[in-house]
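Undergrad:
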Amino acid sequence: VQLQASGGGLVQPGGSLRLSCVASGSIFRINAMGWYRQAPGKQRELVATVTTGGSTNYADSVKGRFTISRGNAKNTVYLQMNSLKPEDTAVYYCNAHDFIANYDYWGQGTLVTVSS
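Residues 96 to 211 (my numbering) are what the sequence shown spells out, left to right.
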């Protein structure tokens, strides 16, 4: 499974960005996709996940501001980020969970910078 993420950039506080991630390869092995982030000097943390059944999970820090969704083709996941704050600044990584191998795949990361 390969993951290609895009959509990061520089945005002012209060602004919005939309991240996209496309999975290719043996996508039948995936039962969940999501986004994690890592800020400078901090550990990687969960942002949001969505299962093939449509169940979602969000970090408390992004609830009400971020929305995760899957595309119609089910191999794409989006993260709509609204009301962005400087503390949202991080490298965002796309993740896909292989339920057969119990293994996590990671995309290359896309930088989101929230600054005035």
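Quick reminder that beta carbons are idealized off the backbone N, C-alpha and C, glycines included.
1. Do you know offhand how far Ser297's Cα is from Tyr188's?
2. DSSP three-state label for Ile195, please.
3. Using a 10 Å radius around the Cβ and a threshold of 16 neighbouring Cβ atoms, would you call Phe161 buried or exposed?
4. Would you identify the three-state DSSP class for Arg218, choosing helix, strand or coil?
5. Is the region 168-180 touching the region 132-139, taking contact as three or more C-beta pairs under 8 Å?
6. If you compare alpha carbons, which of Asp155, Ser210 and Asn170 is closest to Phe123?
7. Taking the Cβ atom as the reference point for each residue, do Ser121 and Gln99 lie within a distance shorter than 9 Å?
8. Determine the direct distance from the alpha carbon of Val209 to that of Ser156, and round the result to whole angstroms.
9. Exposed or buried, Asn190, counting other C-beta atoms within 10 Å across all chains shown (16 or more means buried)?
TA: Let me lay it out:
1. Missing from the structure shown is residue 297; the chain here goes from 96 to 211 and no further.
2. coil
3. buried
4. An answer regarding residue 218 cannot be provided, because it is not within the stretch 96 to 211 covered by the chain.
5. no
6. Asn170
7. no
8. 15 Å
9. Under this definition Asn190 is a buried residue.
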